[in-house]
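2 protein chains.
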Amino acid sequence: MTWMVTGGAGFIGAHVVRAMLAGGQQVVVFDDLSTGSADKVPAGVPLVTGSVLDRGALDAAIRDHGVTGVVHIAGKKQVGESVERPLHYYKENVTGLEVLLESMVAGGVDRLVFSSSAAVYGMPDVDLVTEQTPCAPMSPYGETKLIGEWLIHAAARAHGLRCASLRYFNVAGAASPELADAGVFNLIPMVFERLEAGESPRIFGDDYATPDGTCVRDYIHVEDIASAHLAAARRLQDAEPGTDLTLNIGRGEGSSVREMVDRILKVTDNGAVTAEVTARRPGDPARVVAGADRIREELGWSARFGLDEMIESAWQGWRLRHP
Amino acid sequence: MTWMVTGGAGFIGAHVVRAMLAGGQQVVVFDDLSTGSADKVPAGVPLVTGSVLDRGALDAAIRDHGVTGVVHIAGKKQVGESVERPLHYYKENVTGLEVLLESMVAGGVDRLVFSSSAAVYGMPDVDLVTEQTPCAPMSPYGETKLIGEWLIHAAARAHGLRCASLRYFNVAGAASPELADAGVFNLIPMVFERLEAGESPRIFGDDYATPDGTCVRDYIHVEDIASAHLAAARRLQDAEPGTDLTLNIGRGEGSSVREMVDRILKVTDNGAVTAEVTARRPGDPARVVAGADRIREELGWSARFGLDEMIESAWQGWRLRHP
Chain Y
1 MTWMVTGGAG
11 FIGAHVVRAM
21 LAGGQQVVVF
31 DDLSTGSADK
41 VPAGVPLVTG
51 SVLDRGALDA
61 AIRDHGVTGV
71 VHIAGKKQVG
81 ESVERPLHYY
91 KENVTGLEVL
101 LESMVAGGVD
111 RLVFSSSAAV
121 YGMPDVDLVT
131 EQTPCAPMSP
141 YGETKLIGEW
151 LIHAAARAHG
161 LRCASLRYFN
171 VAGAASPELA
181 DAGVFNLIPM
191 VFERLEAGES
201 PRIFGDDYAT
211 PDGTCVRDYI
221 HVEDIASAHL
231 AAARRLQDAE
241 PGTDLTLNIG
251 RGEGSSVREM
261 VDRILKVTDN
271 GAVTAEVTAR
281 RPGDPARVVA
291 GADRIREELG
301 WSARFGLDEM
311 IESAWQGWRL
321 RHP
Chain E
1 MTWMVTGGAG
11 FIGAHVVRAM
21 LAGGQQVVVF
31 DDLSTGSADK
41 VPAGVPLVTG
51 SVLDRGALDA
61 AIRDHGVTGV
71 VHIAGKKQVG
81 ESVERPLHYY
91 KENVTGLEVL
101 LESMVAGGVD
111 RLVFSSSAAV
121 YGMPDVDLVT
131 EQTPCAPMSP
141 YGETKLIGEW
151 LIHAAARAHG
161 LRCASLRYFN
171 VAGAASPELA
181 DAGVFNLIPM
191 VFERLEAGES
201 PRIFGDDYAT
211 PDGTCVRDYI
221 HVEDIASAHL
231 AAARRLQDAE
241 PGTDLTLNIG
251 RGEGSSVREM
261 VDRILKVTDN
271 GAVTAEVTAR
281 RPGDPARVVA
291 GADRIREELG
301 WSARFGLDEM
311 IESAWQGWRL
321 RHP
């Protein structure tokens, strides 16, 4: 098969491309380079510069490269920005997927792996979030991911596609320093940024109903995320038409913000620094930890990397960009 | 104010246009005429022929006609078709709304009345469906209506719009024979069609947990639907930026399919005909009846017409097209 990876020049996409190649798959990258960069695309992998809103560009890429499956990672992913610019998020994430599916159906491409998110769950009031936990997204970003799953579900049924929606929990780490995430929207790079500015890392609230009072999340290494995409792609290769999997990608282990900050301070040799506790941020659920049974059963996949490997690899990437 | 009614050349839209005119509002119709027809647009009301997917056409209509508010009725509305053609429904109903909102924001148009549907509730297990009843749509059509509400909610917040989403229950009847619905997707015209073919009307299942075993619905006259749009438009005129109302439009009274069929047979002088009971249709909830308190409180609106007026007026329309 030849897999077209949309958003393949971005942080997660670049890792998925490498995992797919290492797994022996043919890959072509489709990316509008709005946030991704061409130098993240490995030598020998074709890069088509285009938007998923551009039906003609999609049709041409599918035809020219003999695409037989799509891994759709392109999309906008900042929760806060989605509140400010909901129309932009719906256009890029919902209309973009709709146009992609049209192009796939027209081109006879019938396998799709989709980047969904734990944001579809909103504020879950359960110990472990399973794929049966009711979805109640709290932001336009989370809405667009749930809408994407609905659209894929309907299209799989109507057009006999084989699809997998992968709900990412908290992605961290990097396979190599130059592939690290350049954004500072997640806990680990946010702490790095504070340290670089000579400021104390911040913890947003320590009065949650959790063991140490700080929020608990399920952090997962981007290399594990990437290997889950390969496993999903392989699973779809032999799947029946209409197959439509929805799977959490997490480790099934919770880590508190306090625990993470302490680990980050240790890994970065900032043991003398202490974190500052500030007010809660609105919309932060107390605990979001994946139930990871279904993906193990469906794909035989489970996470290999731990917290220190995530933090250490992210730190190498940070130091590369901030020498 | 000048209200642009999208879908204003269709069945419900034509009634809304008349109600808005009667209420002293300026109106312009925007319709792609894919299912509507120009002869439903009253003399003196400008008709712009265009699709809500066409940003340029929307921008021009808003500018040329000094539009200050939009009543968005355009959209695809057949549940069964939406299962077969989900991409088409998402494009027309979701992307269409997204493009419309972009055009409104760019043009400074900040008031919107949106056609939603009781289909957002799916299979509600309650006596009266209120706006707080959890939404769980059962079809791509119902999904696109719920998604539209989400998008409007986010856009109202981000851009200070004033919006009202009106969840229609079972629309029936006509203001005059030539304005009657030409489709046969609802109970009343389906019975007419069977009678015309010399066949017994069908009742899909009489083993539901309802008083007479047949499904119970909340039927509402299209003239009542139309007057609710006028009331919503007036309410938005003086509303604060960010206002975002979600309102059921129903009578708050349940009628069983058996009761409706008997009434239809009586009104059409077919008292000797008996209905035939066949198997349930998949996806039909036992009972969907509106709680209509909120719309009365918010808009001072309640339904004026009853079942016989719906059936009689629909029958006049049917006879006009089938003399």
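The listed protein sequences derive, respectively, from chains Y and E.
Residues 1 to 323 in the UniProt record's numbering are what the first sequence spells out, letter by letter.
Residues 1 to 323 in the UniProt record's numbering are what the second sequence spells out, letter by letter.
Glycine included, each C-beta is placed from N, C-alpha and C at the ideal position.
Determine, using beta carbons only, whether residue i and residue j come nearer to each other than 8 Å.
i                      : j                      : result
residue 85 of chain Y  : residue 117 of chain Y : no
residue 62 of chain E  : residue 4 of chain E   : yes
residue 218 of chain Y : residue 186 of chain Y : no
residue 110 of chain E : residue 161 of chain E : yes
residue 279 of chain E : residue 213 of chain E : no
residue 51 of chain E  : residue 39 of chain E  : no
residue 247 of chain Y : residue 196 of chain Y : no
residue 137 of chain Y : residue 143 of chain Y : yes
residue 184 of chain E : residue 139 of chain E : no
residue 177 of chain Y : residue 317 of chain Y : yes
residue 163 of chain Y : residue 243 of chain Y : yes
residue 18 of chain E  : residue 228 of chain E : no
residue 203 of chain Y : residue 286 of chain Y : no
residue 159 of chain Y : residue 70 of chain Y  : no
residue 174 of chain E : residue 141 of chain E : no
residue 312 of chain E : residue 267 of chain E : yes
residue 28 of chain Y  : residue 42 of chain Y  : no
residue 113 of chain E : residue 232 of chain E : yes
residue 351 of chain Y : residue 304 of chain Y : Limits of chain Y in this structure are 1 at one end and 323 at the other, which puts residue 351 of chain Y out of reach.
What are the start and end residues of the alpha helix (DSSP H) that includes residue i?
i                      : result
residue 279 of chain E : That residue, residue 279 of chain E, is in no alpha helix (DSSP H); it is neither H nor E in DSSP.
residue 150 of chain E : 140 to 159
residue 318 of chain E : 307 to 321
residue 64 of chain E  : 55 to 64
residue 263 of chain Y : 257 to 267
residue 104 of chain Y : 96 to 107
residue 4 of chain Y   : No alpha helix (DSSP H) contains residue 4 of chain Y, which is instead part of the beta strand (DSSP E) from 2 to 6.
residue 192 of chain Y : 187 to 196
residue 298 of chain E : 293 to 299
In this structure, how does DSSP classify residue i when only helix, strand and coil are distinguished?
i                      : result
residue 116 of chain Y : strand
residue 51 of chain E  : coil
residue 304 of chain Y : coil
residue 237 of chain E : helix
residue 85 of chain Y  : coil
residue 73 of chain E  : coil
residue 27 of chain E  : strand
residue 352 of chain Y : Summary: the structure shown does not reach residue 352 of chain Y, with chain Y confined to residues 1 through 323, and so no result is reported for it.
residue 79 of chain Y  : helix
residue 226 of chain Y : helix
residue 136 of chain Y : coil
residue 290 of chain E : strand
Closest by CA to residue i, which one among the options?
i                      : options                       : result
residue 189 of chain Y : Y:321, Y:126, Y:151 and Y:1   : Y:321
residue 103 of chain Y : Y:203, Y:76, Y:195 and Y:56   : Y:56
residue 180 of chain E : E:18, E:141 and E:315         : E:315
residue 91 of chain E  : Y:147, Y:125, Y:124 and Y:202 : Y:147
residue 131 of chain Y : Y:82, Y:296, Y:319 and Y:313  : Y:296
residue 125 of chain Y : Y:306, Y:304, Y:284 and Y:71  : Y:284
residue 201 of chain Y : Y:264, Y:301, Y:54 and Y:303  : Y:264
residue 222 of chain E : E:288, E:230 and E:310        : E:310
residue 87 of chain Y  : E:150, E:20 and E:249         : E:150
residue 66 of chain Y  : Y:26, Y:281 and Y:269         : Y:26
residue 2 of chain Y   : Y:234, Y:268, Y:301 and Y:81  : Y:234
residue 291 of chain E : E:302, E:208 and E:281        : E:302
residue 273 of chain Y : Y:20, Y:53, Y:29 and Y:194    : Y:194
residue 288 of chain Y : Y:81, Y:199 and Y:122         : Y:122
residue 108 of chain E : E:156, E:192 and E:208        : E:156
residue 409 of chain E : E:215, E:307, E:48 and E:16   : Any property of residue 409 of chain E remains undetermined from this structure, which presents chain E solely from 1 to 323.
residue 323 of chain E : E:249, E:262, E:192 and E:260 : E:192
residue 300 of chain Y : Y:230, Y:59 and Y:270         : Y:230
residue 259 of chain E : E:115, E:82, E:35 and E:211   : E:211
residue 21 of chain E  : E:36, E:293, E:35 and E:44    : E:44
Could you check where the beta strand (DSSP E) with residue i kicks off and where it finishes?
i                      : result
residue 220 of chain E : 219 to 221
residue 22 of chain E  : Careful: residue 22 of chain E lies outside any beta strand (DSSP E), inside the alpha helix (DSSP H) at 11 to 22.
residue 245 of chain E : 244 to 249
residue 166 of chain E : 162 to 168
Contact between the stretch 240 to 256 of chain Y and the stretch 8 to 21 of chain E is defined here as three or more beta-carbon pairs at a separation below 8 Å; is this criterion met?
Too few Cβ pairs lie closer than 8 Å, so no.
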